[in-house]
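For the sequence shown, the numbering used here assigns the number 4 to the initial residue and increments by one for each residue that follows. Heads up, the beta-carbon is just placed ideally off N, CA and C, and yes, glycines get one too. A quick write-up on the structure given underneath.
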Amino acid sequence: MSDRYQSLIHTPVGQLLAKNLGLPNPVELDRWSEGDPLVKGTVVVGGEGRLTTEVTAALDVLGISHTDEVTEEGRYKGLVFDASGLTSSDQLVELQRFFTPKLRKLESSGRVVVLGGPPEEAADARERVAQRALEGFTRSLGKEVGRGSTVQLVYVSPGAEDAIASTLGFLLSPKSAYVSGQVVRIGAKGAHKQPAEQVDWSKPLTGKVAVVTGASRGIGEQIARVLHRDGAQVLGIDVPQAAEDLHRVMTEIGGDTLTLDITAKDAPARITHHVKEQYGGVDVVVHNAGITRDKRLVNMKEDAFGSAIAVNLTAPERITDALLEDGAIKPNGRIIGVASIAGIAGNVGQTNYAASKAGVIGLVDALAPDLEDGITVNAVAPGFIETKMTAAVPFTTREVGRRLNAMSQGGLPVDVAETIAWYANPASTAVNGNVVRVCGQMMLGA
Ligand SMILES: NC(=O)c1ccc[n+]([C@@H]2O[C@H](COP(=O)([O-])OP(=O)(O)OC[C@H]3O[C@@H](n4cnc5c(N)ncnc54)[C@H](O)[C@@H]3O)[C@@H](O)[C@H]2O)c1
Numbered sequence: 004m005s006d007r008y009q010s011l012i013h014t015p016v017g018q019l020l021a022k023n024l025g026l027p028n029p030v031e032l033d034r035w036s037e038g039d040p041l042v043k044g045t046v047v048v049g050g051e052g053r054l055t056t057e058v059t060a061a062l063d064v065l066g067i068s069h070t071d072e073v074t075e076e077g078r079y080k081g082l083v084f085d086a087s088g089l090t091s092s093d094q095l096v097e098l099q100r101f102f103t104p105k106l107r108k109l110e111s112s113g114r115v116v117v118l119g120g121p122p123e124e125a126a127d128a129r130e131r132v133a134q135r136a137l138e139g140f141t142r143s144l145g146k147e148v149g150r151g152s153t154v155q156l157v158y159v160s161p162g163a164e165d166a167i168a169s170t171l172g173f174l175l176s177p178k179s180a181y182v183s184g185q186v187v188r189i190g191a192k193g194a195h196k197q198p199a200e201q202v203d204w205s206k207p208l209t210g211k212v213a214v215v216t217g218a219s220r221g222i223g224e225q226i227a228r229v230l231h232r233d234g235a236q237v238l239g240i241d242v243p244q245a246a247e248d249l250h251r252v253m254t255e256i257g258g259d260t261l262t263l264d265i266t267a268k269d270a271p272a273r274i275t276h277h278v279k280e281q282y283g284g285v286d287v288v289v290h291n292a293g294i295t296r297d298k299r300l301v302n303m304k305e306d307a308f309g310s311a312i313a314v315n316l317t318a319p320e321r322i323t324d325a326l327l328e329d330g331a332i333k334p335n336g337r338i339i340g341v342a343s344i345a346g347i348a349g350n351v352g353q354t355n356y357a358a359s360k361a362g363v364i365g366l367v368d369a370l371a372p373d374l375e376d377g378i379t380v381n382a383v384a385p386g387f388i389e390t391k392m393t394a395a396v397p398f399t400t401r402e403v404g405r406r407l408n409a410m411s412q413g414g415l416p417v418d419v420a421e422t423i424a425w426y427a428n429p430a431s432t433a434v435n436g437n438v439v440r441v442c443g444q445m446m447l448g449a
């Protein structure tokens with residue numbers, strides 16, 4: 004789906020109108036292409052805390068150029084501030100001291116990352132307050148920076164300091180183009196199975212098997228392509244009616260196919276049997292297949308309500324249970340759900356869809372604390388993504404969805420796929436129980 008407004012506003016006349024009338028002026032976001040360095044430019048590192056040395060070590064492993072000195076004429080692609088040493092609110096002014104003089108030196112599609120410690124794990128009440136305050140700071144700066152730049156807060160548990168590389172690599176690179184204003188948690192439970200130095204950062208999923216449901220088109224197709232790009236063998240699943248498209252996509256990426264309806268009674272057993280027989284198990288499971296059956300509740304039929312719940316929530320629950328019970332998910336495996344911002348903020352006409360997507364977040368919450376062997380569960384919550392699903396949305400609602408976010412534009416399926424590839428990375432074992440919105444920091448709702 005093309006964004007005609009964005010094309011028009013980039014003409015000389017469009018730029019003049021945008022400037023004089025204060026119209027949204029979406030910039031073209033940097034996106035990562037195979038062969039590119041992770042970051043095209045230098046990252047400034049500052050702050051003082053327990054993460055500073057680990058940050059520079061991680062940037063070195065990732066091949067990202069960094070400095071702690073800013074020059075008069077310097078321009079920078081990223082700013083990283085270690086705020087884990089802030090133990091009381093009067094120290095929060097350190098954020099202003101670090102960022103204010105540097106923000107004008109941040110290039111377009113720049114990246115800001117603030118690192119702290121989870122407030123609930125703070126040593127005392129004052130530290131807890133100071134760490135919690137970081138959330139308001141980063142979410143506001145995300146709405147201020149503009150020019151395609153993003154701002155995130157990463158809470159790193161004590162003991163997980165050496166597990167930050169995959170997250171920094173994602174958040175500082177163009178792979179996180181449409182992710183902003185997010186709070187990511189890196190926990191200490193379960194040491195990461197694959198140290199960052201042992202990951203092949205150009206093909207991190209080499210030797211891994213990934214299952215993607217709803218892989219014949221839209222976001223699922225892009226997830227399959229990105230996981231394949233990162234080295235995975237992909238098994239794409241879709242309904243029989245989508246078999247032709249599924250085969251085309253999977254043939255292009257040397258993948259495997261399974262055509263079934265994920266709500267079928269025998270679907271969990273068939274998927275489990277297939278991955279065990281063909282590959283001895285699975286490393287990455289992405290529950291992407293989803294449907295909408297929108298109607299205000301006052302007009303909703305039982306069928307419409309039930310089918311959205313069955314496809315979006317009950318099927319992922321049953322498939323996950325079957326795979327876990329059978330031991331089909333390999334150590335350091337990944338379970339990844341696709342929720343939606345509708346599941347966080349709610350939406351008119353979507354009581355069924357929003358319930359199913361909030362339930363996907365519930366699935367993450369329920370499973371995350373108890374998974375073993377380095378297996379993790381996380382979800383993405385996409386906002387307005389340009390697909391056939393959103394092309395069918397009425398014009399006014401579509402324009403509101405597109406513009407009312409900090410990027411003033413819709414995201415692309417690849418933006419969701421890149422976020423999933425970060426969760427799937429073998430060095431992301433400490434990234435567990437997260438729900439990250441891929442919404443360009445949507446202004447509506449929560
Ligand atoms: N497009 C957006 O803006 C957006 C926003 C938030 C969340 N999402 C979520 O992202 C996911 C992908 O969305 P999309 O826009 O690519 O949708 P899409 O309709 O283009 O693709 C969904 C895919 O799932 C498959 N599918 C549907 N029911 C199935 C079933 N019972 N068994 C097996 N496969 C089935 C479809 O055949 C299709 O290939 C969905 O879970 C959706 O809810 C999308």
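Relative to ligand 1, Phe398 has its C-beta separated by 7 angstroms or more from all heavy atoms. Under the rule that a run must span 4 or more residues, the alpha helix (DSSP H) segments found entirely inside the stretch 73-149 read 96-102 and 128-148. Proximity of the beta carbon of Arg440 to ligand 1 is not indicated: no heavy atom of the ligand is located closer than 7 angstroms.
With contact defined as three or more Cβ pairs closer than 8 angstroms, the stretch 176-186 and the stretch 152-161 are in contact. If you draw a 10 Å sphere on the C-beta of Ser411, you find 16 or more other C-beta atoms in it, and that means buried. Pro385 has its CB nearer than 7 angstroms to a heavy atom of ligand 1. Relative to the Cα of Gly190, the nearest Cα in the group Tyr282, Thr422 and Gly377 belongs to Gly377.
Annotated three-state conformation of Ala199 is helix, per DSSP. Sorting Asp165, Val42, Ala133 and Gln94 by C-alpha distance to the C-alpha of Arg53 places Asp165 at the top. Under the three-state reduction of DSSP output, Pro385 falls in the strand class. DSSP places Pro319 inside the alpha helix (DSSP H), whose first and last residues are Ala318 to Glu328.
Nearest Cα to Val367 within the set Thr379, Leu238, Val396 and Pro385: Thr379.
Using a C-beta cut-off of 8 angstroms, the stretch 308-325 makes contact with the stretch 289-299, since at least three inter-stretch Cβ pairs fall below that distance. In this structure, Ala213 sits near Val287, with a CB-CB distance shorter than 8 angstroms. Rounded to the nearest whole angstrom, the C-alpha separation of Thr45 and Arg131 is 32 angstroms. Rounded to whole angstroms, Lys192 and Val237 show a C-alpha spacing of 28 angstroms. Checking the DSSP bridge columns, you'll see Gln244 has no partner listed. Distances taken from the Cβ of Arg220 to the heavy atoms of ligand 1 include one shorter than 7 angstroms. Secondary-structure assignment with DSSP links Thr216 through a beta bridge to Ile240.
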